[in-house]
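Beneath this line is the structure, given in structure tokens, with notes to follow.
Protein chains: 2
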Amino acid sequence: MTELIKNSNISVDCVVFGYDTNTKSLNLLLIKRYLESETDHKVLVDDYVLTGYHIYEHEKLDDAATRVLKELTGLTNQYKKQFKAFGDPDRLRNEKDILWIDNEKFNFRTVTIAYYFLVKTEDVDLTHNKNQAEWFSIHQLPELGFDHKKIILEAYEDLKTKCLAEPIIFELLPNKFTINDVQDVYESILDIEIDNRNFRRKLINKKYIIPLDEKQIGVSKKPAQLYMFSKDVYDKMYEKNYLINI
Amino acid sequence: MTELIKNSNISVDCVVFGYDTNTKSLNLLLIKRYLESETDHKVLVDDYVLTGYHIYEHEKLDDAATRVLKELTGLTNQYKKQFKAFGDPDRLRNEKDILWIDNEKFNFRTVTIAYYFLVKTEDVDLTHNKNQAEWFSIHQLPELGFDHKKIILEAYEDLKTKCLAEPIIFELLPNKFTINDVQDVYESILDIEIDNRNFRRKLINKKYIIPLDEKQIGVSKKPAQLYMFSKDVYDKMYEKNYLINI
DNA sequence: TTATAAAACGTACAAATGACGTTTGTTTTA
DNA sequence: TAAAACAAACGTCATTTGTACGTTTTATAA
Chain A
1474 MTELIKNSNI SVDCVVFGYD TNTKSLNLLL IKRYLESETD HKVLVDDYVL
1524 TGYHIYEHEK LDDAATRVLK ELTGLTNQYK KQFKAFGDPD RLRNEKDILW
1574 IDNEKFNFRT VTIAYYFLVK TEDVDLTHNK NQAEWFSIHQ LPELGFDHKK
1624 IILEAYEDLK TKCLAEPIIF ELLPNKFTIN DVQDVYESIL DIEIDNRNFR
1674 RKLINKKYII PLDEKQIGVS KKPAQLYMFS KDVYDKMYEK NYLINI
Chain B
1474 MTELIKNSNI SVDCVVFGYD TNTKSLNLLL IKRYLESETD HKVLVDDYVL
1524 TGYHIYEHEK LDDAATRVLK ELTGLTNQYK KQFKAFGDPD RLRNEKDILW
1574 IDNEKFNFRT VTIAYYFLVK TEDVDLTHNK NQAEWFSIHQ LPELGFDHKK
1624 IILEAYEDLK TKCLAEPIIF ELLPNKFTIN DVQDVYESIL DIEIDNRNFR
1674 RKLINKKYII PLDEKQIGVS KKPAQLYMFS KDVYDKMYEK NYLINI
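Listed in order, the protein sequences are those of chains A and B. Remember, this note's numbering sits 1473 above the position in the first sequence when you count from 1. Remember, this note's numbering sits 1473 above the position in the second sequence when you count from 1.
Encoded structure:
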């Protein structure tokens, strides 16, 4: 970590998706932006933004995103995807969207490389963070600064597509989970209802969904069978099936 | 179009995929890079690169990519996808990979926003181009400069995934095509063999594959039925099917 | 002991897929 | 002019997968 590239016009922005096992909901981690004018203390902006920062001189893009996530959540080794770059010349040029960095006005064109991360909300300790970070339901977003609403919506679309094609869903689950836990995550992300009986059969038949010699404990009804996901088995058995799905 | 951002460290690079109906092959448009040292005229680089250029001050990223494609091929309105940004700090720092722009050495870190385009090779007139542009089979690429091999391979992977999920294949076909034409494109892109009888049945049953009152002309065997693709019908009937395919 | 409710299993049918064989129709050649 | 050649187009069948439900099991709580 050395210093910032002078006058850098490249940044990373992180869309942090957090799944909350308790509420069974997909959430988004945003930080409060609250700025007053220097002269009359009138509130200029009072909204939320994604976390992002400029890239250090000798830093890879991926590493910059990882660093930003760590600063925000303390987490490392989370699932990460670079999904799009945003760089329209006017994307930071709204009257109210003047960005302040180290007390300097910063409103020239900035290209941001946008990433999304998958985390479990329970893993994040918001009180340890210097930013005013909060979780928001993906379906009830607050007022957002810059073009961050657009970035979020594109990240969400990408996530939905991705979770249908690859087993990233298990990034949001504990090591030991029930079939219904998996269904809950799918339903939260995709915002759909799934037939439990068919879903259960489909999942149980996967070789990489491995039943454990354990059941749920501390539940007030019939405890469910616990399973784990084996990435090894998945990777070994997996060969791209060229199913033309148009 | 105004002037370049001074000391800009952002560029676009274009991966131009071209389908050749005659050879039934997927090709890539690359430009020759040939540089000698100033002192002893030793050949420093003699390889190929993608076309790319820096972004004008008031230009959107997408527009920059479109401009680069037009300068290279004369084509506009081609299918375009921004698929990844590449910006590792050392990506242009190889000894031989010094980039010259307007006779000035340019070797600091540059982030490039990479796009791919789909074109028909027959639409491109290479002689009209000031660059030494050539088509290469996707399976027989020449020596490539910078990190362009990596960029190409990632573009190709993205294309393969994309063409399985969305009907972008028709961007590579004439308005009127036969079922076998479509199969040829899939086989070229995915590098697989498809059973013609099953493929034909599958395609004919799609409502947006519309049979015309026309057949092939000038063929030396039984002329095939011609079809067209209706994007209207596709868009109307299409609702995302949440088929979990893990 | 029984009621409860989620977990887990089962059935029936429709639709899609995969692996083939057969027929059709046009052009070429014998 | 008939036959050969060959791609186009159609057909069959077993298997898998998807969809829509009904039923049984089982641990806990009343």
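Cβ atoms here follow ideal geometry from the backbone N, Cα and C, with glycine treated the same way.
Check your understanding: What do you get for SER1610 of chain B, buried or exposed, if any count of 16 or more other CB atoms within 10 angstroms of its CB means buried?
Key -> exposed
Review point. Taking the continuous alpha helix (DSSP H) assigned at ALA1697 of chain A, which residues delimit it?
Key: Looking at the DSSP string, ALA1697 of chain A is not in any alpha helix (DSSP H), and its letter there is neither H nor E.
Check your understanding: What did DSSP end up calling TYR1707 of chain B once you bin it into helix, strand or coil?
Key -> helix
Exercise for review: Note down, in chain order, every chain A residue with its Cβ under 9 Å from the Cβ of LEU1538 of chain B.
Suggested key: One point to set straight first is that residue 1538 of chain B is Ala, not Leu, in the sequence displayed. What ALA1538 of chain B touches in chain A: nothing, since even the nearest Cβ is about 11 Å away.
Review point. Going by other Cβ atoms of all chains shown within 10 Å of its Cβ, with 16 needed for buried, is TYR1711 of chain A buried or exposed?
Key: exposed
Review point. Does any C-beta atom of chain A lie closer than 9 Å to the C-beta of SER1661 of chain B?
Key: no
Practice item. At 8 Å on the CB atoms, spell out the chain A contacts of GLY1560 of chain B, in chain order. Key: ILE1483, ILE1528, LYS1533, LEU1534 and ILE1586
Check your understanding: Based on Cα-Cα distance, which residue from B:VAL1489, B:ASP1486, B:VAL1488 and B:VAL1522 lies nearest to GLY1618 of chain B?
Key -> By alpha-carbon distance to GLY1618 of chain B, the top candidate from B:VAL1489, B:ASP1486, B:VAL1488 and B:VAL1522 is B:VAL1522.
**Study point:** Whether TYR1589 of chain B touches LYS1553 of chain B by CB criterion (9 Å)
**Key:** yes
Check your understanding: Which of the three DSSP states, helix, strand or coil, is assigned to ASN1500 of chain B?
Key -> strand
Point to revise | Simplified DSSP state of ARG1564 of chain B, which is helix, strand or coil | key: coil
Practice item. Return the first residue and the last residue of the alpha helix (DSSP H) that HIS1527 of chain B is part of. Key: For HIS1527 of chain B, there is no enclosing alpha helix (DSSP H); the enclosing beta strand (DSSP E) has its first and last residue at 1524-1527.
Exercise for review: Decide if LYS1479 of chain A is buried, meaning its Cβ has at least 16 other Cβ atoms within 10 Å, or exposed.
Suggested key: Reliability fails at LYS1479 of chain A, whose pLDDT of 42 lies under 50, so the model's placement of it is uncertain and no value is given.
**Study point:** Any C-beta of chain A under 9 Å from that of ILE1478 of chain B
**Key:** Model confidence at ILE1478 of chain B stands at a pLDDT of 43, short of 50, so the residue's coordinates are unreliable and nothing is read from them.
Point to revise | Strand pairing of SER1610 of chain A, partner residues [DSSP] | key: A:ASN1500
Practice item. Check the Cβ of TYR1589 of chain B against every Cβ in chain A and list those closer than 8 Å, keeping chain order. Key: Neighbours of TYR1589 of chain B in chain A, taken as residues at a C-beta separation under 8 Å, are lacking, since the least C-beta distance is about 14 Å.
Check your understanding: Cβ of LEU1548 of chain B within 9 Å of Cβ of ASP1596 of chain B?
Key -> yes
Check your understanding: Pairing CB atoms from the segment 1651-1658 of chain A with CB atoms from the segment 1688-1698 of chain B, are three or more of them under 8 Å?
Key -> no
Review point. Cβ of LEU1614 of chain B less than 9 Å from any chain A Cβ?
Key: no
Check your understanding: Quick one: is THR1634 of chain B near chain A, going by C-beta distance under 9 Å?
Key -> yes
Practice item. Look at the alpha carbon of THR1496 of chain B and the alpha carbon of LYS1533 of chain A, and state the distance between them as a whole number of angstroms. Key: Rounded to the nearest angstrom, the two C-alpha atoms are 40 Å apart.
Review point. From LEU1725 of chain A to GLU1607 of chain A, what distance separates their C-alpha atoms?
Key: Past the edges of chain A, shown from 1474 to 1719, lies residue 1725 of chain A, and the structure says nothing about it.
Point to revise | 6 Å Cβ shell around SER1510 of chain A - same chain, five flanking residues per side excluded | key: LEU1517
Point to revise | LYS1543 of chain B - containing alpha helix (DSSP H), residue span | key: Unbroken alpha helix (DSSP H) run through LYS1543 of chain B: 1534-1546.
Review point. Is any heavy atom in the ligand ATP found nearer than 8 Å to the beta carbon of ALA1538 of chain A?
Key: Inclusion of the ligand ATP in the displayed structure is not the case, the ligand content being empty and no account of it being possible.
Practice item. Note down the Cα distance separating ASP1513 of chain B from ARG1506 of chain A, rounded to an integer number of angstroms. Key: 58 Å
Point to revise | Cβ pair ARG1584 of chain A, PHE1556 of chain A closer than 9 Å | key: The residue asked about is misnamed: residue 1584 of chain A is Val in this sequence, not Arg. 9 Å or more divides the Cβ of VAL1584 of chain A from the Cβ of PHE1556 of chain A.
Exercise for review: Less than 8 Å between the CB atoms is what I'm expecting for LEU1545 of chain B and ASN1500 of chain B, so what's the real figure, rounded?
Suggested key: Not really, about 14 Å apart at Cβ, beyond 8 Å.
Point to revise | Cα-Cα separation, ILE1683 of chain B to ILE1682 of chain A | key: 42 Å
Check your understanding: Which residue comes first and which comes last in the alpha helix (DSSP H) that contains VAL1658 of chain B?
Key -> 1652-1663
Exercise for review: List the whole-angstrom C-beta distance separating TYR1526 of chain B from SER1484 of chain B, where the pair is believed to meet the contact cut-off of C-beta under 8 Å.
Suggested key: 6 Å
Exercise for review: State yes or no: is the beta carbon of ILE1504 of chain A nearer than 9 Å to at least one beta carbon in chain B?
Suggested key: no
Exercise for review: Kindly indicate if chain B contains any beta-carbon less than 9 Å away from that of ARG1582 of chain A.
Suggested key: Residue contact check for ARG1582 of chain A against chain B: a CB pair falls below 9 Å.
Review point. Which two residues bound the contiguous alpha helix (DSSP H) that contains LEU1591 of chain B?
Key: It is not in any alpha helix (DSSP H) - LEU1591 of chain B instead sits in the beta strand (DSSP E) that spans 1584-1593.
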